[in-house]
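Chains as they are written, first to last, in our numbering: chain A, 366 to 596; chain B, 79 to 203.
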């Protein structure tokens with residue numbers, strides 16, 4: 366089966382009405398037409414713009430967080446028979462032309478899960494994000510035993526085996542650590558590939574993208590531990 | 079008899095009566111009702127018979143009865159707070175499941191027996 370016909374690209378989105386349309390078009394231009402947008406309770410026109418651009422749009426009636434939106438997207442891809450599912454941030458920070466790199470790594474059997482790493486390439490990354498990521502990587506390594514350069518990336522790919530086995534239960538940023546713990550639990554193969562990143566000049570302050578402050582990082586770690594005990 | 083030994087038991091009785099009333103009206107669950115009753119009976123009892131605090135100190139291993147009460151109280155509060163956090167997380171997960179199920183129902187699957195898959199509603203290049 367043609368790679369691109371069985372590959373679904375998932376965009377968890379919150380208030381990305383200004384950019385989602387053009388991002389979907391860019392993804393189509395690089396040859397991926399199965400696009401699922403999960404509108405995570407946006408109050409702008411994200412849903413309409415994504416639908417206009419030709420994506421399959423699913424809507425959360427209230428904002429649940431990037432983890433929940435990713436879960437919904439991956440569940441939808443599974444139900445629709447995806448062989449590969451790729452998640453990509455809806456704010457345009459990732460380059461759609463690099464989707465093929467992640468998919469190729471899965472196709473050649475390098476891994477079951479591929480993480481696009483912002484830190485394996487020269488990228489203009491704000492210092493506070495670097496610090497937060499280092500702490501998150503350390504926290505994830507302690508819990509999972511897997512050492513990665515970028516555990517908080519939103520650019521990931523999963524093959525069918527990983528889609529079937531991974532169970533994401535956490536809703537906000539703590540799900541990034543949970544994915545790695547699930548990979549360790551199911552002994553899946555995880556590889557990192559270098560990706561480019563471009564941050565907007567005025568980052569929005571919204572739940573999907575405010576996780577990089579130190580206070581949010583501590584809150585995320587505490588929430589991960591509490592949820593691990595309750596679920 | 080000190081004035082707190084009159085006031086505190088009266089306040090305890092008022093809260094106990096209120097708890098009974100809410101329980102009979104079905105506004106309070108058994109577990110919460112029992113914990114509430116136990117708490118106010120203990121407060122009233124300690125006010126009437128302060129030697130109970132020495133008994134708590136002896137059981138818990140504290141030398142001083144005031145420390146025993148403070149640390150026992152704090153420990154109980156932290157435990158209850160933790161249980162509350164776990165309950166909130168459970169509720170949060172249930173809300174998540176509801177919202178996500180509704181979103182996925184837009185794919186057109188009919189309930190748990192999802193034998194038939196609809197075609198993806200995307201435009202092909």
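By construction, the Cβ of each residue, glycine as well, lies at the ideal position given by its N, Cα and C atoms. These numbers were taken from a predicted model, which means no experiment stands behind them.
Can you give the Cα-Cα distance for residue i and residue j, rounded to whole angstroms?
{"i": "residue 377(A)", "j": "residue 130(B)", "result": "58 Å"}
{"i": "residue 118(B)", "j": "residue 88(B)", "result": "10 Å"}
{"i": "residue 533(A)", "j": "residue 92(B)", "result": "48 Å"}
{"i": "residue 568(A)", "j": "residue 456(A)", "result": "With a pLDDT of 48 at residue 568(A), under the threshold of 50, the predicted position of this residue should be treated as unreliable, and no value is reported."}
{"i": "residue 440(A)", "j": "residue 124(B)", "result": "56 Å"}
{"i": "residue 424(A)", "j": "residue 150(B)", "result": "48 Å"}
{"i": "residue 79(B)", "j": "residue 86(B)", "result": "12 Å"}
{"i": "residue 542(A)", "j": "residue 172(B)", "result": "21 Å"}
{"i": "residue 452(A)", "j": "residue 398(A)", "result": "14 Å"}
{"i": "residue 180(B)", "j": "residue 591(A)", "result": "26 Å"}
{"i": "residue 450(A)", "j": "residue 166(B)", "result": "32 Å"}
{"i": "residue 135(B)", "j": "residue 156(B)", "result": "19 Å"}
{"i": "residue 499(A)", "j": "residue 511(A)", "result": "14 Å"}
{"i": "residue 242(B)", "j": "residue 90(B)", "result": "This structure gives no information on residue 242(B), because the portion of chain B shown stretches from 79 to 203."}
{"i": "residue 169(B)", "j": "residue 486(A)", "result": "41 Å"}
{"i": "residue 426(A)", "j": "residue 177(B)", "result": "6 Å"}
{"i": "residue 137(B)", "j": "residue 583(A)", "result": "37 Å"}
{"i": "residue 563(A)", "j": "residue 492(A)", "result": "14 Å"}
{"i": "residue 525(A)", "j": "residue 447(A)", "result": "7 Å"}
How many whole angstroms separate the CB atoms of residue i and residue j, which I take to be in contact at a CB cut-off of 8 Å?
{"i": "residue 477(A)", "j": "residue 553(A)", "result": "4 Å"}
{"i": "residue 505(A)", "j": "residue 481(A)", "result": "In fact, because the Cβ distance is near 16 Å, the residues do not count as touching under 8 Å."}
{"i": "residue 391(A)", "j": "residue 461(A)", "result": "5 Å"}
{"i": "residue 373(A)", "j": "residue 442(A)", "result": "4 Å"}
{"i": "residue 619(A)", "j": "residue 561(A)", "result": "Nothing about residue 619(A) can be reported from this structure: the residues present for chain A run from 366 to 596 only."}
{"i": "residue 174(B)", "j": "residue 536(A)", "result": "6 Å"}
Mind listing the chain B neighbours of residue i? Cutoff is C-beta to C-beta under 8 Å, in chain order.
{"i": "residue 558(A)", "result": "None at all; the shortest Cβ gap to chain B is about 25 Å."}
{"i": "residue 403(A)", "result": "181"}
By the criterion of Cβ-Cβ separation under 7 Å, what are the contact partners of residue i in chain A?
{"i": "residue 180(B)", "result": "426"}
Is the Cβ of residue i closer than 9 Å to any Cβ of chain A?
{"i": "residue 96(B)", "result": "no"}
{"i": "residue 143(B)", "result": "no"}
{"i": "residue 86(B)", "result": "no"}
{"i": "residue 155(B)", "result": "no"}
{"i": "residue 130(B)", "result": "no"}
{"i": "residue 173(B)", "result": "yes"}
{"i": "residue 91(B)", "result": "no"}
{"i": "residue 150(B)", "result": "no"}
{"i": "residue 163(B)", "result": "yes"}
{"i": "residue 110(B)", "result": "no"}
{"i": "residue 80(B)", "result": "no"}
For a cutoff of 9 Å on Cβ pairs, would you count residue i as touching chain D?
{"i": "residue 159(B)", "result": "The structure shown has no chain D; the protein chains it does contain are A and B."}
Under a CB-based cut-off of 9 Å, is residue i close to chain B?
{"i": "residue 485(A)", "result": "no"}
{"i": "residue 437(A)", "result": "yes"}
{"i": "residue 433(A)", "result": "yes"}
{"i": "residue 536(A)", "result": "yes"}
{"i": "residue 445(A)", "result": "yes"}
{"i": "residue 413(A)", "result": "no"}
{"i": "residue 513(A)", "result": "no"}
{"i": "residue 553(A)", "result": "no"}
{"i": "residue 421(A)", "result": "yes"}
{"i": "residue 584(A)", "result": "no"}
Suppose the cutoff is 7 Å on Cβ atoms and the five residues either side in sequence are ignored; what does the same chain contact list for residue i look like?
{"i": "residue 566(A)", "result": "In this predicted model, residue 566(A) has a pLDDT of only 43, less than 50, meaning its place in the structure is not dependable enough to derive any value."}
{"i": "residue 115(B)", "result": "94, 97"}
{"i": "residue 381(A)", "result": "411, 455, 456"}
{"i": "residue 586(A)", "result": "504"}
{"i": "residue 479(A)", "result": "467, 470, 471, 521, 522, 556, 558"}
{"i": "residue 83(B)", "result": "125, 126"}
{"i": "residue 546(A)", "result": "508, 509"}
{"i": "residue 162(B)", "result": "none"}
Taking Cβ-Cβ distances shorter than 7 Å, what residues in chain B pair up with residue i?
{"i": "residue 441(A)", "result": "182, 185"}
{"i": "residue 592(A)", "result": "167"}
{"i": "residue 325(A)", "result": "Past the edges of chain A, shown from 366 to 596, lies residue 325(A), and the structure says nothing about it."}
Looking only at its chain, what residues have a beta carbon closer than 8 Å to the beta carbon of residue i, apart from the 5 residues adjacent to it on each side?
{"i": "residue 415(A)", "result": "376, 378, 385, 386, 389, 402, 404, 422"}
{"i": "residue 193(B)", "result": "Low local confidence applies: a pLDDT of 40 at residue 193(B) is under 50, so the model's placement there is unreliable, and no value is given."}
{"i": "residue 544(A)", "result": "478, 521, 531, 533"}
Taking residue i as the query, report the chain B residues whose CB atoms sit under 9 Å from its CB, ordered along the chain.
{"i": "residue 387(A)", "result": "Result: empty, since nearest Cβ-Cβ is about 16 Å, beyond 9 Å."}
Beta-carbon within less than 6 Å of residue i's beta-carbon, same chain only, minus the 5 sequence neighbours each way: which residues are those?
{"i": "residue 573(A)", "result": "Annotation note: pLDDT 45 at residue 573(A) (below 50); position unreliable, no value reported."}
{"i": "residue 407(A)", "result": "379, 380"}
{"i": "residue 539(A)", "result": "585, 588, 589"}
{"i": "residue 484(A)", "result": "514, 515"}
{"i": "residue 459(A)", "result": "453, 520"}
{"i": "residue 81(B)", "result": "none"}
{"i": "residue 551(A)", "result": "530"}
How would you list, in chain order, the residues of chain A whose beta-carbon sits under 9 Å from the beta-carbon of residue i?
{"i": "residue 119(B)", "result": "Neighbours of residue 119(B) on chain A: none; closest Cβ ~31 Å, over 9 Å."}
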